[in-house]
Structure formats: C-alpha cells, structure tokens
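Read the structure below first, then the notes.
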Amino acid sequence: MEDDVYDLCIVGAGMIGSAVAKYASEWGRVCLVGPEEPKERDVNSKRDIFGCHYDEGRIARCLAHDPVWTQLARISMSRYRQIERDSGIDFYDEVGSLVAGGKDTKYTIDNERVSKEQQLESEILSYETLKTKFPLLNFSDIDHGLYEVKAGHISARNLVSAQIKLAKSKGCTYINEIVEKVTQMEEGGNSKMIVITELGKQVLCRKVLLATGAFTAFRNLLPVDLELEVGLCPLTTAMIEVTADDFTNMRKYPAVIYFGKGADNWKKDYPRSNDGDYSLYMLPPIKYPDEKYYIKLGHLQHATSKRFTSSFEVKEWYCSGGDRQLVNNTVDLFKTVVQGTFVLYK
Numbered sequence: 023m024e025d026d027v028y029d030l031c032i033v034g035a036g037m038i039g040s041a042v043a044k045y046a047s048e049w050g051r052v053c054l055v056g057p058e059e060p061k062e063r064d065v066n067s068k069r070d071i072f073g074c075h076y077d078e079g080r081i082a083r084c085l086a087h088d089p090v091w092t093q094l095a096r097i098s099m100s101r102y103r104q105i106e107r108d109s110g111i112d113f114y115d116e117v118g119s120l121v122a123g124g125k126d127t128k129y130t131i132d133n134e135r136v137s138k139e140q141q142l143e144s145e146i147l148s149y150e151t152l153k154t155k156f157p158l159l160n161f162s163d164i165d166h167g168l169y170e171v172k173a174g175h176i177s178a179r180n181l182v183s184a185q186i187k188l189a190k191s192k193g194c195t196y197i198n199e200i201v202e203k204v205t206q207m208e209e210g211g212n213s214k215m216i217v218i219t220e221l222g223k224q225v226l227c228r229k230v231l232l233a234t235g236a237f238t239a240f241r242n243l244l245p246v247d248l249e250l251e252v253g254l255c256p257l258t259t260a261m262i263e264v265t266a267d268d269f270t271n272m273r274k275y276p277a278v279i280y281f282g283k284g285a286d287n288w289k290k291d292y293p294r295s296n297d298g299d300y301s302l303y304m305l306p307p308i309k310y311p312d313e314k315y316y317i318k319l320g321h322l323q324h325a326t327s328k329r330f331t332s333s334f335e336v337k338e339w340y341c342s343g344g345d346r347q348l349v350n351n352t353v354d355l356f357k358t359v360v361q362g363t364f365v366l367y368k
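Per the numbering used here, the sequence shown runs over residues 23 to 368.
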C-alpha cells in the first residue's frame, strides 16, 4: 500500500543522519534507522557497527584555512541555540576557539586570510597576549594565535539526541536497529527501495540516504556494481582526567588547534610532520557521564600510517584503548603544553 511507503529512509542515526531526519521530516514522511550507542564496548559482542558521536567534546568553529568550511560551519552553528530551545537539550558551550602556531606558517596565514574575507569575529593575539589571556598554556615565543569568539565545543551525544527528538516530533519514525541491506524492487512500473534491518524489519521507501560514514562498505548498502575504496585511519585520543579545581580554572578556556614547532620544552617523542611541526587539537575540561572531568587531546592523520579495510579491524580498534604508547606520549606532551594542572588519570 502507498501509505506504507516512506518518502525517505535515512540509514545511520548519527550526527549527519539525525540532522537530515530533523529537516526532511518538515516536508515528507521520513524513517530514520540506526542503532543507539552500545552500553559497553566488548570485542566479543556480536555488534560491529558503531558511531562517531559517542562523545561530550567536539570543537565547533567557523575559523579554518578553507573558506568552504567556514561558510558551512557558520550556517550550521547559527542554528545551535534554536535547536537547544526547541528540543530542551543543551549541547553547545560557547567558550571560543584558538588557532595557534608559527605566525609565518602557511596554515596560520590561510586562517587569517579566510577570517578576514569571511568577516569572522576574531582577534589576532601576539605571544605576549596569549601568555596574559591564557596563562596555563605554554606556547613558543614565535607563536601567535587567532581567537574566534563565537565558537566552542558541543556534546555530540546531546546534539544527536536533540535532533532525533525534533525529528520524531515532526512525525519521523525512528527504528533503533542496524541495517543489513538496501535493495530495489520494481512493482507495476514503479521503483521502490527496501531497507532491511538485521532483525528482519523491512522499510519501503522512495529514496534512501546513507549517513553511515566509515561503516558504509561493511554492509550491503550500495548497488552491486559500486564499490568503495576503504582506507580508514585510526586516530588515538587521550582523555586526561583532571581535578574539579582544574575544571574551574580552565573550563572557559577555548578549544585549541595548534600547528607549529612548539615550545622548547614540549615533549619531543610525539608524532610530527616531516618538517618537525606539531599538529594537535585540545579541548578544555568537560564533565563526562561518569561525573569526572577530562581534557581531550588528539593528533591528526600523519601521526599514524595504519589503515583499516575490514569491519573486524574497526571493531577491534573501537573496543580497545587505542595505541597505548601514543596515549602515553600524548599525556607527556600535555604536561608540557598545559602548566599547573594535576593529572589524575590517563
């Protein structure tokens, strides 16, 4: 029956899928299919499909070296407060963001150019101003920063919850299951799509949108003649537990992205570019669901040459603690980048 056919079925209920569901539900009949966050990470469990939004701290910024990023981020972030009001779920903390590093590097110059062209509310900070404004951060005397006021960090978990809540309020059907297969059928001269879950539930629809990210190739979601080249890069993030006093002292510090040589006393045994540059990001202390406070510090892709091509590799990585040696090196680096904090756990 035509009443049983959705206009759109979205596969994947993460940050992209939930956003699509929220907006698409305003114009048509929509079904969102994707699993909730697992209660625990067990490599021996059957489940091998996960999401990238199981986190309380993601940098939200318009400032970038790419003007397209800036334009899209500005549109997206301008809606945060309205989504919070409409859903009753808070997810955005506007503490600002700071891009720092050598003032003559291409990355810094490109960020300054885009900021000026896009008329962002940002401020160039000299090394002396960085020391005064953020005394706990240890920079090199050849560094300077670009500080964006209307930026900060989001709880990815809460953003997804808010968008799913709003989608459902507009009539969207949400199915908390993993999709096994997407196929197409012809009936009476009309073409329809069928989305089949692991538990055998079938969703009929006119169109399918895949918001499945790194897991797209690990289920039968694409046409048989279309194959993705999958080379997934496993990145390790250190979650550094700090005290309640550190949380109070640093919670309004900006999210930091750094490209540069670093201060002379920065930990040297840390993955760097061929030019010897550090590239890292760091969030201020955030309270996590376990009621503890963590500073998150992560590296970018050149820190590892590993690439995954199978769902088992991804599952094993997801359920592990990542690269333990890299975690230890990251914590040691953190102790030289941030001064005056007491690390409880790494």
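Backbone N, C-alpha and C define an ideal beta-carbon position, used for all residues, glycine too.
Keep in mind that this is a model prediction, so the values were computed, not measured.
In the three-state DSSP reduction, residue 86 falls in the coil class, being neither helix nor strand. Classified as buried, residue 268 has 16 or more neighbouring CB atoms from the shown chains inside 10 Å of its CB.
Setting aside the 5 residues that flank it on each side, residue 102 is surrounded in the same chain by 114, each with a C-beta closer than 6 Å to its C-beta; the list follows chain order.
According to the DSSP assignment, residue 228 belongs to the beta strand (DSSP E) that extends over 224-232. Residue 253 and residue 259 have their C-alpha atoms roughly 19 Å apart. In the displayed model, residue 59 falls within coil according to three-state DSSP, outside both helix and strand. Put simply, the backbone Cα of residue 167 is about 5 Å away from that of residue 147. DSSP places residue 301 outside any alpha helix (DSSP H); the residue lies instead in the beta strand (DSSP E), whose first and last residues are 300-304. Excluding residues up to 5 positions away in sequence, 182, 185 and 186 lie with their Cβ nearer than 6 Å to the Cβ of residue 40 in the same chain. In this structure, the CA atom of residue 149 is about 16 Å from the CA atom of residue 276. Exclusion of the five residues before and after residue 333 leaves 70 and 240 as the residues of its chain whose Cβ lies within less than 6 Å of its Cβ. Residue pairing from DSSP places residue 281 in a beta bridge opposite 123 and 301. For residue 318, the enclosing beta strand (DSSP E) covers residues 315-321. Under the three-state reduction of DSSP output, residue 330 falls in the strand class. Collapsing the DSSP output to three states places residue 41 in a helix. Taking each of 329, 306, 283 and 296 in turn and checking the Cα distance to residue 126, the smallest one comes out for 283.
Beta-bridge annotation (DSSP): residue 114 is paired with 176. Note that the C-beta distance between residue 359 and residue 198 is not below 7 Å. Within the DSSP bridge table, the entry for residue 165 names 124 as partners. By the criterion of at least three beta-carbon pairs nearer than 8 Å, the segment 151-159 is not in contact with the segment 207-218. Residue 190 carries a helical assignment under DSSP once its states are collapsed to helix, strand and coil. Of all C-beta pairs linking the segment 32-51 to the segment 221-238, three or more are shorter than 8 Å, placing the two stretches in contact. The alpha-carbon of residue 172 is positioned some 8 Å away from that of residue 84. Residue environment analysis places residue 56 among the buried positions, since at least 16 neighbouring C-beta atoms fall within 10 angstroms of its C-beta. For residue 176, the closest of 75, 91, 49 and 141 by C-alpha to C-alpha distance is 75.
Collapsing the DSSP output to three states places residue 198 in coil.
By the criterion of at least three beta-carbon pairs nearer than 8 Å, the segment 199-208 is not in contact with the segment 58-67.
For residue 252, the secondary structure class from DSSP, reduced to helix, strand or coil, is coil. From the listed residues 270, 341, 279 and 225, the smallest Cα separation to residue 133 is found for 279. A straight line joining the alpha-carbon of residue 157 with that of residue 331 spans about 43 Å. Two segments are said to touch when three or more pairs of C-beta atoms, one from each, lie closer than 8 Å; by this definition the segment 341-361 does not touch the segment 83-100. Within the same chain, and ignoring the five residues on either side of residue 229 in sequence, the residues whose Cβ sits closer than 8 Å to its Cβ are 29, 30, 31 and 215.
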